[in-house]
Amino acid sequence: MGSSYGRGRLHLAAAIDQRAVCAAGAFVELGRLAERGALDFVTVGDSFGRPGLDALAVLARVAPETGRVGLVPAVTTTHTEPFHVQAAVATLDWVSRGRAGWWIEVSGTEAEARLFGRRPAAPADALWREAGEVADVAARLWDSWEDDAEIRDIGTGRFIDRGKVHHVDFEGVEGAGFSVRGPSIVPRPPQGHPVRVVDATERESRATAAAHADVALVRAATPDHADAVRRELRDAAARTGRDPDELRVLVSLRVDLGGGEHAAEPGHGGGGPRPTAHGPLYRGGPVDLAELIIAWHRAGAVDGFHLVPVEPRRDLERLVNGTVALLQHRGLFRTFYPGSTLREHLGLARPGNRYTAAGKAAGRAT
Numbered sequence: 001m002g003s004s005y006g007r008g009r010l011h012l013a014a015a016i017d018q019r020a021v022c023a024a025g026a027f028v029e030l031g032r033l034a035e036r037g038a039l040d041f042v043t044v045g046d047s048f049g050r051p052g053l054d055a056l057a058v059l060a061r062v063a064p065e066t067g068r069v070g071l072v073p074a075v076t077t078t079h080t081e082p083f084h085v086q087a088a089v090a091t092l093d094w095v096s097r098g099r100a101g102w103w104i105e106v107s108g109t110e111a112e113a114r115l116f117g118r119r120p121a122a123p124a125d126a127l128w129r130e131a132g133e134v135a136d137v138a139a140r141l142w143d144s145w146e147d148d149a150e151i152r153d154i155g156t157g158r159f160i161d162r163g164k165v166h167h168v169d170f171e172g173v174e175g176a177g178f179s180v181r182g183p184s185i186v187p188r189p190p191q192g193h194p195v196r197v198v199d200a201t202e203r204e205s206r207a208t209a210a211a212h213a214d215v216a217l218v219r220a221a222t223p224d225h226a227d228a229v230r231r232e233l234r235d236a237a238a239r240t241g242r243d244p245d246e247l248r249v250l251v252s253l254r255v256d257l258g259g260g261e262h263a264a265e266p267g268h269g270g271g272g273p274r275p276t277a278h279g280p281l282y283r284g285g286p287v288d289l290a291e292l293i294i295a296w297h298r299a300g301a302v303d304g305f306h307l308v309p310v311e312p313r314r315d316l317e318r319l320v321n322g323t324v325a326l327l328q329h330r331g332l333f334r335t336f337y338p339g340s341t342l343r344e345h346l347g348l349a350r351p352g353n354r355y356t357a358a359g360k361a362a363g364r365a366t
């Protein structure tokens, strides 16, 4: 592992999933708690294969009750209409004033396919190629309105400058295929492109992550594993023409902080992480978790961590008041948000618009 990789800013995110909860206030409470710790973003998982609230709608409810923390719902690209998905994510970016992300997911089971009855389940590699197409057309639709396309001139009755609203002619080839003409019905989002997140743990998803993700999540139980996947993703991103420094790779780690401090095991800390059927699990105390985060980041294995509390309220509170507070005390994690958008939290530039002269020039330069 190269130490040069660990010189960047440490990024921290947390899941606030509460599957048995249908009260919005519980999600608002955890969103505010994460914001108190200045975490980059929170996630809410979702799929057609389990009961529960719609993740995007939940975070749309959290948006007006928070002011800085990023909001990243999981939204599947399988069996859904790309035009509707991009419009919903763009809307979340507007209502949160530039704090939206999109955790791109796929639905691969026959049970999920039967809910829609349109087509049978497809192999994972085909689903992820389709997800890449959806991510591509979403970005095109977000760009279909130039930033200054809205006029809103009451005197003349002109709402938009039609010369600054562009059609998107896109034909998908994967899965059942789809076609989109555009333009979007939602003006260009405040971030230009809301932040796209892909779980790149499985090999089938890595090409899509390298080509389209701003943040890649990796479930890894060792720093060597995390480092190997991070290098693979960065190399693949460079081959697509992207700047690999524009891709953040976070280890997704389940954490159980309820048992107090434990003696550290060599190379880990806090009795973990240990491989489980649901991904690597850290079980221990907040202090040893902070030491693990510091060690992996300094080694250059990761850009940060996406922490998944085993017991949401208890573990997130211990995470913010213990682990994050210690990192802040040591000057290793911010104590306040220097910007207002999720892209600013992650140190990512706002993308240029591909349909403007400046955006086309920037594209040629890369």
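Numbering (the UniProt record's numbering), first residue to last: 1 to 366. Here a beta-carbon is modelled for each residue, glycine too, at the ideal position from N, C-alpha and C.
Practice problem: Would you kindly report the start and end of the unbroken alpha helix (DSSP H) that includes glycine 117? | Solution: No alpha helix (DSSP H) contains glycine 117, which DSSP labels as neither H nor E.
Quiz item: With respect to the beta strand (DSSP E) encompassing isoleucine 104, which residues constitute its N-terminal and C-terminal limits?
Solution: Membership of isoleucine 104 in the beta strand (DSSP E) is indicated by the continuous run 101 to 105.
Quiz prompt | Identity of the residues DSSP links to glutamate 150 by a beta bridge | solution = DSSP lists Ile160 as partners of glutamate 150.
Quiz item: So, using beta-carbon positions, are leucine 257 and arginine 318 closer together than 7 Å?
Solution: yes
Quiz prompt | For proline 312 and aspartate 136, the rounded distance between their alpha carbons | solution = 34 Å
Self-check item: Rounded C-alpha distance that separates proline 266 from alanine 226
Solution: Low per-residue confidence applies at proline 266: pLDDT is 46, beneath 50, and the placement is therefore not dependable, though the value from the model is reported in the following sentence. Pairing proline 266 with alanine 226, the inter-Cα distance amounts to about 17 Å.
Practice problem: Output the distance between the C-alpha atoms of residue 371 and isoleucine 185, rounded to the nearest integer angstrom. | Solution: Past the boundaries of the shown model lies residue 371; the chain is included only from 1 to 366, so the question cannot be answered.
Quiz item: Quick one: any contact between the region 83 to 102 and the region 198 to 210, if contact means 3 or more CB pairs under 8 Å?
Solution: no
Quiz item: Should the region 71 to 87 be regarded as contacting the region 27 to 47, the criterion being three or more beta carbon pairs within less than 8 Å?
Solution: yes
Practice problem: Compare the C-beta of valine 42 against all C-beta atoms of chain B and say whether one is closer than 7 Å. | Solution: In the displayed structure, chain B is absent; only one protein chain is listed.
Quiz item: In chain order, what residues of the same chain have a beta carbon less than 7 Å from the beta carbon of leucine 115, not counting five sequence neighbours either side?
Solution: Cβ within range, chain order: Phe48.
Quiz item: Who are the near neighbours of proline 82 in its chain, counting only those whose CB is closer than 7 Å to its CB and skipping five residues on each side?
Solution: Val134, Val137, Ala138, Phe178 and Val180
Quiz item: For arginine 50, does the three-state DSSP call read helix, strand or coil?
Solution: Here arginine 50 sits in coil by DSSP.
Exercise. Check the DSSP bridge columns for alanine 13 and list the partner residues they point to.
Key: Phe41 and His306
Exercise. Compute the Euclidean distance between the alpha carbons of residue 368 and alanine 122, then round it to the nearest angstrom.
Key: No information on residue 368 is available, as it lies outside the stretch 1 to 366 that the chain covers here.
Exercise. Counting only runs of 3+ residues fully inside the region 175 to 229, write out the beta strand (DSSP E) ranges in chain order.
Key: 195 to 199 and 215 to 218
Quiz item: Excluding sequence positions up to five away, which residues of its chain have a Cβ less than 7 Å from the Cβ of glycine 279?
Solution: Arg219, Ser252 and Arg254
Exercise. For glycine 241, count neighbouring Cβ atoms within 10 angstroms of its own Cβ and tell me buried if that reaches 16, exposed if not.
Key: exposed
Practice problem: Inspect the beta-carbon positions of arginine 61 and alanine 13 and report whether they are closer than 7 Å. | Solution: no
Exercise. Could you check what DSSP says for proline 273 in three-state terms: helix, strand or coil?
Key: Proline 273: coil per DSSP, three-state reduction.
Quiz item: Secondary structure at proline 247, three-state DSSP: helix, strand or coil?
Solution: Note on residue identity: the sequence assigns leucine, not proline, to residue 247. In the structure shown, leucine 247 sits in coil (DSSP, three-state: anything other than H, G, I, E or B).
Quiz prompt | alanine 226 CB to nearest heavy atom of the ligand SAH below 6 Å | solution = The ligand SAH is not among the ligands present in this structure, which contains no ligands whatsoever.
Practice problem: Can you say whether glycine 163 is buried or exposed, counting buried as having 16 or more other CB atoms within 10 angstroms of its CB? | Solution: exposed
Practice problem: Measure the C-alpha to C-alpha separation of tyrosine 355 and alanine 126 and round it to an integer number of angstroms. | Solution: Between tyrosine 355 and alanine 126, the C-alpha separation is close to 29 Å.
Quiz item: DSSP state of glutamate 171, grouped into three classes?
Solution: strand
Self-check item: Closest by C-alpha distance to leucine 92, when choosing among Gly300, Val310 and Ala57
Solution: The residue with the shortest Cα to Cα distance from leucine 92 is Ala57.
Quiz item: In this structure, does DSSP put glutamate 133 in helix, strand or coil?
Solution: helix
Quiz item: Should alanine 34 and valine 69 be called a contact, given that it needs their Cβ atoms to be closer than 7 Å?
Solution: Cβ distance < 7 Å, so alanine 34 and valine 69 count as in contact.
Quiz prompt | From Val173, Glu130, Arg188 and Gly132, residue whose alpha carbon lies closest to that of glutamate 150 | solution = Closest option to glutamate 150, judged by alpha-carbon separation, among Val173, Glu130, Arg188 and Gly132: Arg188.
Quiz item: Starting from alanine 74 and walking both ways along the beta strand (DSSP E), at which residues does that stretch end?
Solution: 70 to 76
Quiz item: Since valine 229 and aspartate 214 are thought to touch, with beta carbons under 8 Å apart, how far apart are those beta carbons, to the nearest angstrom?
Solution: Contact doesn't hold; Cβ gap of about 16 Å is too wide.
Quiz item: For aspartate 256, which beta-bridge partners are listed by DSSP?
Solution: Arg283.
Quiz item: In or out: arginine 118 buried (at least 16 other Cβ within 10 Å) or exposed?
Solution: exposed
Quiz item: Applying the criterion that 16 or more other CB atoms from any shown protein chain within 10 Å of the CB defines a buried residue, is arginine 19 buried or exposed?
Solution: exposed
Exercise. For aspartate 161, collect the residues of the same chain with a Cβ closer than 6 Å to its Cβ; drop the 5 residues on either side in sequence, then sort them by chain order.
Key: Ala149 and Ile151.
Quiz prompt | Cβ neighbours of glycine 269 in the same chain (closer than 6 Å, five flanking residues each side left out) | solution = Its pLDDT being 48, under 50, glycine 269 is placed unreliably in this model, and the value from its coordinates should be taken loosely. For glycine 269, where only same-chain residues beyond five positions count, the Cβ hits under 6 Å are Asp288, Glu291 and Leu292.
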